[in-house]
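Everything below concerns the one structure shown next.
Residue numbers (our numbering): 22 to 204.
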């Protein structure tokens, strides 16, 4: 008895499809290396085209400033998520809401303390004057995050904002007259 022929999909797997011819009217996408296609003529021309000139100091300063602005605005990107988490945790004194309040104060304080460390990698003689504004925005964003923590503490009733919170320091009023019931 002869073995039955293998199914068509087995034959398709054993012989890969032939490569389609490349149209020369369509340029290669940026970053494409011709080494993957195996075309020797394009390989030799692409080696000369891949050599990049090193960036100038002005270009590096612009790039450093862009990255510094990303770092400065990062705390504001976390605020919506933090606000939603605080709202969802409720105003009662539970372990989850207390942890949220601790994190709401700890992260901005740590960010304020490490302001110079956060921006030291972006400092250069060309960016030193411009980084002052970036650092000011970073500090403002951290203060905004602290304000969110203060809002949560106020919502929990832990801030002494009402008159009844200060009764221990008020003097007792002396009545001008007293009414005595006559039975």
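Think of the CB as a built atom: it goes at the ideal place given N, C-alpha and C, for glycine as much as any other residue.
Just so we're clear, the structure is a prediction, and the values are computed from it rather than from any experiment.
Outcome for residue i when other beta-carbon atoms lying within 10 angstroms are tallied against a minimum of 16
i           : result
residue 53  : exposed
residue 159 : buried
residue 118 : buried
residue 120 : exposed
residue 188 : exposed
residue 182 : exposed
residue 197 : exposed
residue 29  : exposed
residue 143 : buried
residue 89  : buried
residue 96  : buried
Near the ligand NAP: residue i beta-carbon under 7 Å from a heavy atom
i           : result
residue 131 : Annotation note on the ligand NAP: not contained in the displayed structure, which lists no ligands.
Whole-Å CB distance - residue i paired with residue j, under 8 Å assumed
i           : j           : result
residue 126 : residue 167 : 7 Å
residue 210 : residue 94  : Any question about residue 210 goes unanswered here, given that the chain covers just 22 to 204.
residue 165 : residue 114 : That belief does not hold up - the Cβ atoms of residue 165 and residue 114 are roughly 25 Å apart, past 8 Å.
residue 112 : residue 177 : 5 Å
residue 169 : residue 103 : 6 Å
Between the CA atoms of residue j and residue i - distance to the nearest angstrom
i           : j           : result
residue 31  : residue 51  : 37 Å
residue 185 : residue 191 : 10 Å
residue 64  : residue 122 : With a pLDDT of only 48 at residue 64, under 50, the local geometry of the prediction cannot be trusted, and no value is derived from it.
residue 116 : residue 74  : 56 Å
residue 48  : residue 37  : 26 Å
residue 149 : residue 98  : 25 Å
residue 26  : residue 46  : 43 Å
residue 77  : residue 147 : 12 Å
residue 152 : residue 72  : 32 Å
Exercise. Do the region 102-115 and the region 161-175 touch if we need at least three Cβ pairs shorter than 8 Å?
Worked result: Taking 8 Å as the limit for Cβ pairs, the verdict is that the region 161-175 does touch the region 102-115.
For this session: Report yes or no: do the region 128-138 and the region 72-90 share at least 3 C-beta pairs separated by less than 8 Å?
Result: By the Cβ criterion, the region 128-138 is not in contact with the region 72-90, since fewer than three pairs of Cβ atoms, one from each stretch, lie closer than 8 Å.
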